[in-house]
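Undergrad: This is the structure, below, for whatever I ask next.
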Amino acid sequence: MSRQGYPRQLRLLTAGDYRRVFETAAFKVHGKGLMALASPNALGHPRLGLIFSKKNVRRAVDRNRLKRIVR
């Protein structure tokens, strides 16, 4: 399998990163089982953060696998 994912510097990694996006979201889209938020940053490049809730994907191993596949 080739390594085509997002490098760490292009991802949201800490709870503070995610909190900042939820608090300052300039763009929100809600759908059935999906929510997309976007927030401006001063880094000069976009960053990606993925969250899969326990309500939709019960096991942590499955949530982590989904994140790897999407990246």
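Counting from 896, one number per residue, gives the positions in the sequence shown under this note's numbering. Even for Gly, the Cβ is constructed at its ideal location relative to N, Cα and C. All of these numbers come straight from a predicted model, not from anything done at the bench.
Return the first residue and the last residue of the beta strand (DSSP E) that G926 is part of.
TA: Start and end: F922 to G926.
Undergrad: Quick one, are the C-beta atoms of V916 and G944 less than 9 Å apart?
TA: yes
Undergrad: Considering Cα atoms alone, identify which of H925, G926 and G911 is closest to T919.
TA: Checking every option, the nearest Cα to that of T919 belongs to G911.
Undergrad: Could you check what DSSP says for A933 in three-state terms: helix, strand or coil?
TA: strand
Undergrad: Compute the distance between the beta-carbons of K949 and R958, then report whether it is under 9 Å.
TA: yes
Undergrad: At which residues does the alpha helix (DSSP H) containing Y913 begin and terminate?
TA: A910 to T919
Undergrad: Can you name the residues that DSSP bridges to L943?
TA: R906
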